[in-house]
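Working notes for the structure below.
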Amino acid sequence: MVGIFCPQYLTIVALIGLVSSFTIQTKQNEDVPVVVEELLNLLTVNSPASIEKVEVQRPGYPTENFDWQGPGNVGQIVGVSVDSEGRPVIFHRGDRTWNYNTYDDNLEYEEAFEGPIQDATILVLNSITGVVVNAWGEQIFYLPHGLHIDPFGYVWLTDVALHQVFKFKPGSRRPDLILGERFTRGSDDQHFCQPTAVAVAKSGEIVVADGYCNNRIMVFDESGNLINKIPQQNEFVTLRVPHGLAILDQGDVCVADRENMRIICLNVGLRSNNDINNNNNNNNINERRRPPLTLHQPDLGRVFAVAAHGNILYAVNGPTSPMIPIRGFIMDPKFEDIFGSWSPSTGNFEQPHAMAISPNGSELYVTEIGPNKIWKFDLVRGNRQDDIWNNLE
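Under UniProt numbering, the first residue of the sequence shown carries the number 1, and numbering increases by one thereafter.
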């Protein structure tokens, strides 16, 4: 547990000292100048006697679970999420890989003639053993990429060959909603170009990272109608391969801006970020936008994935340069602070691609596309957590 001292007190003391350095002459019975009176009032309200010490718990620190064994005989594991029962769900490519021959110079998919992947591409795993307990998604996808299970249990998937985003009801094998046009790339409001990720807010809005070609974020309502896109024309936000998404409790959408080697957290106008209880709507969505928050440091590298628990963000980078280790990070976007890093104990990350946190915040999963594996980490809290953090400081 960390005690946070309220900085307002020091600020007020400094202001009082500044004001008192001037000669203030007042007649008898004249009121104290307003600025001094207000400062004195603030000082009284924020005095040490009236300030309660705020206790803030450190976020869980990822420690490798040595008992975990993920499934074997799978393709590149490009997506992962965790369902309401705490079971990790992975999205893999079967016998498909993405190489230099996958697309032509016009970004047209060259391997459509092979048909969809015959294997089940979506595997539900036991959270303790990693054994596959359910499998589906055969003969649907061509080149899987992103997976997200939303707060309502719906499964969302992206396919970078089909240029589409899919929504499946729990237990259904037919999509309930499809965004984008099959095998048709585009940059207008009805098309995607290799969409990488999707995330759904508690308030129902659908956020899509689009993607390798368009370098934009698109926001849709629950029915799939476009309500916002970023960047807007003349907006000073430039994305280079937005590769992963995470939505903070406060409503900001954090983007793994891979080739810019940073994470950028945007207010995209989600209702959860704009006082649902005040009946705000999205008619003036761009008028409420504020500058984004940015997380960056020299050794952050190419950020492939992000995941959030509350308003704390976890991220993992990928191959960047021999000088930058491949590892995970812990961040506080509100203060634009990267305050911890982590990695496996029994080996090293090689090509991490996706990550997810269980709904109760106790477990974190990272998937790789070579070797094709899934790591499990326990998010350690309590006394053991304090020992870990103290060793890092």
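Using N, Cα and C, we set each Cβ at its ideal position, and we do this for glycine too.
- Judged by their CB atoms, Phe-377 and Asn-65 are nearer to each other than the 8 angstroms cut-off.
- DSSP places Glu-205 in the coil class of the three-state scheme, outside both helix and strand.
- Residue environment analysis places Ser-81 among the buried positions, since at least 16 neighbouring C-beta atoms fall within 10 angstroms of its C-beta.
- In this model, Asp-104 and Ala-161 are separated by some 12 angstroms (Cα to Cα).
- When Arg-182, Leu-300, Pro-359, Ile-263 are compared, the shortest CA-CA separation from Ser-341 is found for Leu-300.
- Straight across, the Cα-Cα distance linking Gly-251 with Asn-106 is about 36 angstroms.
- Arg-216 counts as buried, since at least 16 other C-beta atoms from the protein chains shown sit within 10 angstroms of its C-beta.
- By DSSP's assignment, Phe-377 forms a beta bridge with Glu-64, Leu-364.
- Around the Cβ of Ile-330, a 10 Å sphere holds 16 or more other Cβ atoms; the residue is buried.
- Scanning its chain for C-beta atoms nearer than 8 angstroms, with the 5 sequence neighbours on each side dropped, one finds around Ser-321 the residues Gly-301, in chain order.
- Inclusion of Val-198 and Trp-136 in the CB contact set at 8 angstroms is not warranted, their separation being larger than that value.
- In the three-state reduction of the DSSP assignment, Arg-271 falls in the helix class.
- For Pro-292, the secondary structure class from DSSP, reduced to helix, strand or coil, is coil.
- In this chain, the beta strand (DSSP E) harbouring Pro-144 covers 144 to 149.
- Rounded to the nearest angstrom, the gap between the Cα atoms of Trp-68 and Phe-349 is 16 angstroms.
- Asp-188 and Ile-227 have their C-alpha atoms some 13 angstroms from each other.
- A residue is called buried when at least 16 other Cβ atoms come within 10 angstroms of its Cβ; Gln-194 meets this threshold and is buried.
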